[in-house]
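Residue 219 in my numbering sits at position 170 of the sequence shown, and the numbers go up by one each step.
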Amino acid sequence: MKTIEQIEKIKAVVLYVLNKMPTGVDYIKLSKLLYFAQRESLVLYGKTIFDDTFKARDRGPVPTLTYKVLKMIENGDDFNECNELKEFGNSIKVVRQKATALQNCNIDLLTSIDMKILDDTIKKYGNINSKKLSEMTHDEVYNSIIEKMKDDPEKNIFTLIDIARSGGASEEMIEYIRNKQVLKKALA
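Put into structure tokens, the structure is as follows:
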């Protein structure tokens, strides 16, 4: 499970996107916007904007915690079994798989770089329909994960290196990300 801090950051990122798109965003488009923003951050800076895990699904990468919260809201869950997600769940409205923000995002949790990447992502991809966005994520990296899943369904996770490679990160940036991950594991 994610820490409270990680959940708060994911919530801030999701609300930032939803606040910028006040008429609402369907699950697929929201997932792809979050993926493209995360990818851009990894390619440019070797860091994530938020700590949601992306899994391969039929329509492309899906941020797992965000998707779980959206589905819980849609199903009318009161979050009693997942109290740590209650505030996140109460911040979003879902009607027919379309999410809208019920509150403003806590921008104190986002850096100026995070917001610029999110703004640029919304500007670049926000007017593209969900089907096309989904197709855009079905690249070589996605296809290799789908192939691995044929052997082992548990291999459906996009690593940070997978996401960075999908965005065309340089080998130097890939090595930087790899070294950061090794250090993080060593310190854990």
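Built from N, CA and C at the ideal position, the CB exists for glycine as well. Given the structure is predicted, the values throughout are model-derived calculations rather than measurements.
Checklist entry - Would residue 98 pass as a contact of residue 163 if the rule is Cβ separation under 9 Å? => result yes
Checklist entry - Taking the DSSP output, what are the residues bridged to residue 110? => result 105
Checklist entry - In the structure shown, what three-state DSSP assignment does residue 204 receive? => result coil
Item to check | Residue interval of the alpha helix (DSSP H) (run including residue 170) | outcome: 161-174
Item to check | Three-state secondary structure (DSSP) of residue 52 | outcome: coil
Next on the checklist: How far does the alpha helix (DSSP H) with residue 212 in it extend, from its first residue to its last?
Outcome noted: 209-215
Checklist entry - Which of helix, strand or coil does DSSP assign to residue 97? => result coil
Checklist entry - Are the beta-carbon atoms belonging to residue 74 and residue 62 less than 9 Å from one another? => result no
Checklist entry - Are the segment 177-185 and the segment 199-217 touching, with three or more C-beta to C-beta distances below 8 Å? => result no
Checklist entry - Which stretch, first to last residue, makes up the beta strand (DSSP E) that contains residue 150? => result 147-150
Checklist entry - Considering residue 141, what are the terminal residues of the alpha helix (DSSP H) in which it resides? => result No alpha helix (DSSP H) contains residue 141, which is instead part of the beta strand (DSSP E) from 141-144.
Next on the checklist: Among 143, 90, 230, 79, whose alpha-carbon lies nearest the alpha-carbon of residue 112?
Outcome noted: 79
Checklist entry - Measuring CA to CA, which of 141, 210, 217, 180 is closest to residue 194? => result 210
Checklist entry - Near residue 96, what residues of its chain come up, given a Cβ to Cβ distance below 7 Å and the 5 sequence neighbours on each side ignored? => result 90
Checklist entry - In its own chain, which residues sit with a C-beta less than 6 Å from the C-beta of residue 169, not counting the 5 before and 5 after it? => result none
Checklist entry - So, using beta-carbon positions, are residue 140 and residue 158 closer together than 9 Å? => result no
Item to check | Check whether residue 64 and residue 154 have beta carbons under 9 Å apart | outcome: yes
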